[in-house]
Amino acid sequence: MNILVTINNKYVPYLISMLRSLIYYNHNQDINLFIISQDVTEDILAKYQTFVNGIKIKIMKFDDSLLIDAPTSKRYPKTIYYRLFAYKVLPANLERILYLDPDIIINGDLTDLYNMDFAGNALIGATTIKEPLRKFNEIKNKAPKGAPYLNTGVLLMNLDYLRANTNDELIYNYIADRHRYFTLPDQDIISALYGEHIKLVPADIYNLSDRGIKFHNLYNEKNKIDFTWVLNNTKIIHFYGRNKPWLDDYHGILKPFYDKFKIQ
34 MNILVTINNK YVPYLISMLR SLIYYNHNQD INLFIISQDV TEDILAKYQT FVNGIKIKIM
94 KFDDSLLIDA PTSKRYPKTI YYRLFAYKVL PANLERILYL DPDIIINGDL TDLYNMDFAG
154 NALIGATTIK EPLRKFNEIK NKAPKGAPYL NTGVLLMNLD YLRANTNDEL IYNYIADRHR
214 YFTLPDQDII SALYGEHIKL VPADIYNLSD RGIKFHNLYN EKNKIDFTWV LNNTKIIHFY
274 GRNKPWLDDY HGILKPFYDK FKIQ
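Per the working numbering: the sequence shown = residues 34 to 297.
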């Protein structure tokens with residue numbers, strides 16, 4: 034199982050928590066972890082080696098000069114773009130890889146997701162928004178009609194497809210032309226450029242957040258998601274946005290899943 038993360042060194046402790054949960058539920062898999070980063074080093078990771086024994090780790094760097102005109106902010110640094118170009122630096126013999134954000138906790142066996150048939154698509158992931166907002170993003174981003182708007186924290190990437198079909202110049206030109214309209218830059222770009230080649234999986238199974246639970250329960254009075262439902266059904270928990278379980282102002286029901294694997 035090939036796993037990709039793109040991080041800076043301040044997120045390493047949370048990455049380790051994610052990896053501990055990944056190992057716990059997928060211990061029968063050989064896990065190869067690829068880290069694209071500018072400041073994570075082997076020395077930094079060595080401090081946590083006992084937590085991730087059994088994972089083969091390779092650190093790779095991306096040429097940031099290629100993104101000199103890409104819009105960034107404190108919340109959305111350049112690292113968010115690395116997954117768009119990961120196929121350029123990953124080994125050529127890899128056919129697929131599962132990208133995971135570091136603010137994730139795994140809660141089940143990912144074999145079915147990892148081995149899912151791409152059916153000719155570039156990416157497999159989940160959308161966490163409803164139709165009105167999807168339509169708004171379609172128009173805003175000049176995306177293909179009906180294009181899904183993926184949460185890019187969980188992406189199964191068809192590397193063979195991306196190598197054969199991605200036009201780097203098209204991506205750079207789109208960033209230059211549309212960056213003033215970006216809301217979530219990487220998600221906007223993926224929706225616009227790959228919208229016709231995306232396969233969806235259910236967010237409540239593969240990309241569930243406290244925000245997602247709140248919105249689901251608001252409209253499903255008789256079929257609410259609670260802690261027990263998550264425990265028995267959800268395989269990937271994602272603490273996206275500002276509501277992080279390691280912060281004092283966290284609110285929601287998912288913190289126990291993080292606490293189980295956090296670094297003490």
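By construction, the Cβ of each residue, glycine as well, lies at the ideal position given by its N, Cα and C atoms.
**Prompt:** Does DSSP put VAL263 in a helix, in a strand, or in coil?
**Reply:** Note: VAL263 maps to helix in three-state DSSP.
**Message:** To the nearest angstrom, how far is the alpha carbon of ASP282 from that of ASN276?
**Reply:** Distance between the alpha carbons of ASP282 and ASN276: 8 angstroms.
**Asked** How about TYR291 and ILE138: are their beta carbons less than 8 angstroms apart?
**Response** Yes. Within cutoff.
**Message:** Excluding the 5 residues flanking PRO177 on each side, which residues of the same chain have their C-beta closer than 7 angstroms to its C-beta?
**Reply:** Counting only Cβ-Cβ distances below 7 angstroms, and skipping sequence neighbours, we find GLY228, GLU229.
**Helix, strand or coil at LYS168 [DSSP, three-state]** = LYS168: helix per DSSP, three-state reduction.
**Item:** Check whether TYR147 and MET190 have beta carbons under 8 angstroms apart
**Value:** At least 8 angstroms separates the beta-carbon of TYR147 from that of MET190.
**Asked** When DSSP builds the beta bridges, which residues end up paired with ASN184?
**Response** For ASN184, DSSP records a beta bridge to ALA159.
**Message:** Considering just the uninterrupted stretch of the alpha helix (DSSP H) at HIS249, what are its terminal residues?
**Reply:** Its alpha helix (DSSP H) spans residues 243-252.
**Asked** Looking at the structure shown, is ARG116 part of a helix, part of a strand, or coil, going by DSSP?
**Response** ARG116: helix per DSSP, three-state reduction.
**Inter-stretch contact at 8 angstroms, needing at least 3 Cβ pairs: the stretch 263-277 / the stretch 234-252** = Under the Cβ criterion (8 angstroms, minimum of three pairs), the stretch 263-277 counts as touching the stretch 234-252.
**Prompt:** Who are the near neighbours of ASN59 in its chain, counting only those whose CB is closer than 8 angstroms to its CB and skipping five residues on each side?
**Reply:** Cβ within range, chain order: MET34, ILE139, ASP142, LEU143, THR144.
**Asked** Taking C-alpha atoms, which residue in ASN61, ALA103, ASP63, ILE64 lies nearest to ASP219?
**Response** When only C-alpha atoms are compared, the closest one is ALA103.
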